[in-house]
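Novice: Would you mind keeping the following structure in view while I ask a few things?
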Amino acid sequence: MSEFLKALPKAELHLHIEGSLEPELMFALAKRNGVELPFATVDEVRAAYDFTDLQSFLDLYYQGMAVLQTPEDFYDLAMDYFRRAVADGVVHVELSFDPQGHLIRDIPLPVPFQGLTRAMREAEETLGLSTALIMSFLRDRSPEEALSVLTAAAPYYHLLSAVGLDSAERDHPPSLFQGVFEKAKALGLPRLAHAGEEGPASYVHEALTLLDVCRIDHGVRCLEDPAVVEELRIRRTPLTVCPLSNVRLKVVETMAEHPLPKLVEAGLVVTINSDDPAYFGGGMLANFTACQTAFGWSNDLFKTLARNALEAAFMTEERRAELL
Ligand code: HPA
Ligand code: ZN
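Using the working numbering, read the sequence shown as starting at 128 and increasing by one per residue.
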């Protein structure tokens with residue numbers, strides 16, 4: 128393990144907090160809440176993490192959420208992750224959560240908000256970590272439902288740094304959510320969207336032009352259309368790339384074939400992130416290390432990528448100045 132990569136101050140901009148649920152905590156919460164799991168052991172859970180595509184992962188990801196029932200569960204989930212992130216040399220975490228994944232299980236909106244924001248406050252006070260909260264809409268559910276969640280979240284707008292768009296990308300283009308994102312914009316909320324993970328480069332273009340996003344989550348398939356690469360380059364829109372996720376979900380076959388070097392060479396604002404660290408084989412340091420092993424990048428390049436993330440992060444200018 129590289130001491131340099133560990134010590135490098137890293138900001139994580141693309142993390143699904145529900146995807147940080149390690150099997151050990153999954154079992155502990157299942158026991159606490161009397162939830163039956165379809166697995167007998169931690170090893171059985173890990174053995175199930177053999178994905179063929181995004182949907183095969185999402186099936187397990189939504190199933191795993193069943194153990195999250197109370198504000199305390201969300202607090203434990205986030206604190207567990209924040210401690211691991213700090214051990215990886217992470218100084219700032221932007222956590223996304225999926226309220227619809229909880230609402231459809233009859234877990235009301237205040238439950239994740241209370242638990243996550245309590246953990247965020249505590250992490251800032253006791254771990255020296257800065258944090259930001261992103262509320263994501265599920266693109267494989269209706270835009271009407273997303274709009275009703277946005278409306279219901281009114282008491283919490285002051286806690287949100289942005290709204291996002293995630294879940295199954297194929298056949299769920301950004302254009303479906305234009306109205307929801309216009310409302311978010313009118314409310315003064317910054318906007319992000321997953322695009323160009325499994326979906327085509329045209330979805331990246333749609334996210335930029337129709338949703339007016341300030342960052343693209345993943346975006347790796349932009350390379351299939353030079354015009355979209357140029358659009359990203361001129362706008363300097365950061366991409367939150369998640370290399371180990373892309374390998375696990377078979378967006379790419381191997382790390383060696385990952386297009387990260389091409390994205391960097393194209394002059395794009397690239398950042399490295401973990402996505403769903405419990406499911407994809409590691410957190411921020413594992414993702415940085417995988418890039419070092421696969422691409423033999425210089426320390427200077429890693430510094431540039433870490434700086435990209437600090438510059439693109441939702442944090443006070445005072446905190447940014449302290450970290451840059
Ligand atoms: N892609 C889309 N939606 C998600 C992901 C992802 O990698 N992780 C959690 N929700
Ligand atoms: Zn993601």
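Just so it is clear, CB atoms sit at the ideal spot from N, CA and C, and this is done for glycine as well.
If you follow the beta strand (DSSP E) that LEU142 is in, where does it begin and where does it stop?
Specialist: For the purposes of this step, residue 142 is identified with residue 15 of the sequence shown, where counting begins at 1. Counting along the chain, the beta strand (DSSP E) containing LEU142 begins and ends at 137-143.
Novice: Considering just the uninterrupted stretch of the alpha helix (DSSP H) at VAL355, what are its terminal residues?
Specialist: Translated into the one-based positions of the sequence shown, residue 355 becomes position 228. Taken as a continuous stretch (DSSP letters only), the alpha helix (DSSP H) holding VAL355 covers 353-362.
Novice: What I want to know is whether the C-beta of CYS369 ends up closer than 8 Å to one or more non-hydrogen atoms of the ligand ZN.
Specialist: By 1-based counting over the sequence shown, the position of residue 369 is 242. Checking the Cβ of CYS369 against the ligand ZN gives yes.
Novice: Taking buried to mean at least 16 other C-beta atoms within 10 Å of its own C-beta, is LEU142 buried or exposed?
Specialist: What you label residue 142 is simply residue 15 of the sequence shown in a count that begins at 1. It is buried - the Cβ of LEU142 has at least 16 other Cβ atoms within 10 Å.
Novice: Compute the minimum distance between the beta carbon of GLY191 and the heavy atoms of the ligand HPA, and state whether it is under 8 Å.
Specialist: What you label residue 191 is simply residue 64 of the sequence shown in a count that begins at 1. No - the ligand HPA has no heavy atom lying nearer than 8 Å to the Cβ of GLY191.
Novice: Output needed for PRO404: all residues of its chain with C-beta closer than 6 Å, excluding positions within five of it in sequence on either side, in chain order.
Specialist: Along the sequence shown, read from residue 1 onward, the residue named residue 404 stands at position 277. Correct list, in chain order: SER147 and GLY410.
Novice: Using only CA atoms, which one of ARG173, THR179, LEU450 and ASP180 lies nearest to GLY191?
Specialist: By one-based count along the sequence shown, residue 191 stands at place 64. GLY191 has its Cα closest to that of ARG173, out of ARG173, THR179, LEU450 and ASP180.
Novice: Between HIS332 and the ligand ZN, is there a pair consisting of the residue's CB and a ligand heavy atom that are separated by less than 8 Å?
Specialist: Counting from 1 along the sequence shown, the entry for residue 332 is found at position 205. Not under cutoff, so the answer is no.
Novice: Using 8 Å as the threshold, is the segment 363-372 in touch with the segment 390-398, meaning 3 or more CB pairs across them?
Specialist: Short answer: they touch.
Novice: Should PHE422 and LEU371 be called a contact, given that it needs their Cβ atoms to be closer than 9 Å?
Specialist: Here the question's residue 422 lines up with position 295 in the sequence shown. Here the question's residue 371 lines up with position 244 in the sequence shown. Contact: no.
Novice: Ignore the nearest five residues each way along the sequence and tell me which others in ALA175's own chain have a CB closer than 8 Å to its CB.
Specialist: By one-based count along the sequence shown, residue 175 stands at place 48. PHE166 and LEU187.
Novice: What three-state label does DSSP hand ARG245 in the structure shown?
Specialist: Looking up residue 245 in the sequence shown gives position 118. Note: ARG245 maps to helix in three-state DSSP.
Novice: With DSSP run on the structure shown, which of helix, strand or coil describes PHE441?
Specialist: If you number the sequence shown from 1, residue 441 lands on position 314. Of the three classes helix, strand and coil, the one that applies to PHE441 here is coil, per DSSP.
Novice: Give me the Cα-Cα distance between PRO237 and SER223, rounded to the nearest whole angstrom.
Specialist: Taking the first residue of the sequence shown as position 1, residue 237 is located at position 110. Taking the first residue of the sequence shown as position 1, residue 223 is located at position 96. If I take the Cα positions, the gap works out to 15 Å.
Novice: Could you tell me whether any Cβ in chain B is nearer than 9 Å to the Cβ of CYS369?
Specialist: As a matter of chain content, chain B is missing from the structure shown, which is built from one protein chain.
Novice: Taking the alpha carbon of ALA433 as the reference point, which residue from GLU139, GLU130, SER288 and VAL169 has its own alpha carbon closest?
Specialist: Here residue 433 refers to the residue found at position 306 of the sequence shown. Selected option, being the one with the closest Cα: GLU139.
Novice: Could you pull the start and end residues of the beta strand (DSSP E) that GLU221 belongs to?
Specialist: Within the sequence shown, residue 221 is the residue found at index 94, counting from 1. Looking at the DSSP string, the run of the beta strand (DSSP E) that includes GLU221 is 217-224.
Novice: Is GLU324 near the ligand ZN, in the sense that its beta carbon is under 8 Å from a heavy atom of that ligand?
Specialist: Position 197 of the sequence shown, counted from the start, is the residue given in the question as residue 324. Result yes, Cβ under 8 Å from the ligand ZN.
Novice: Under the DSSP definition of a beta bridge, which residues are partnered with LEU116?
Specialist: The structure shown does not extend to residue 116, since the chain spans only 128 to 451, so no value can be given for it.
Novice: Just verifying my parser: in three-state terms, what is the DSSP assignment at MET153?
Specialist: Position 26 of the sequence shown, counted from the start, is the residue given in the question as residue 153. Helix, per DSSP.
Novice: Start and end of the beta strand (DSSP E) containing THR258?
Specialist: As a first step, residue 258 is located in the sequence shown; it is residue number 131 there, counting from the start. Note, THR258: beta strand (DSSP E), 257-265.
Novice: Between SER275 and the ligand ZN, is the CB less than 8 Å from at least one heavy atom?
Specialist: Mapped onto the sequence shown, residue 275 falls at position 148. Because no heavy atom of the ligand ZN lies under 8 Å away, the Cβ of SER275 does not count as near it: no.
Novice: Output the residues surrounding the ligand ZN, defined as those with a CB atom closer than 6 Å to any ligand heavy atom, in chain order.
Specialist: Going along the chain, the residues that qualify are HIS141, HIS143, ASP293, HIS321, ASP344 and ASP402.
Novice: Nearest by alpha-carbon distance to ALA440: which of ALA417, LEU303, THR258 and SER425 is it?
Specialist: By one-based count along the sequence shown, residue 440 stands at place 313. Answer by Cα proximity: THR258.
Novice: Straight-line CA distance for PRO386 to VAL347?
Specialist: Against the sequence shown, residue 386 aligns to sequence position 259. Against the sequence shown, residue 347 aligns to sequence position 220. Their backbone Cα atoms lie some 7 Å apart in a straight line.
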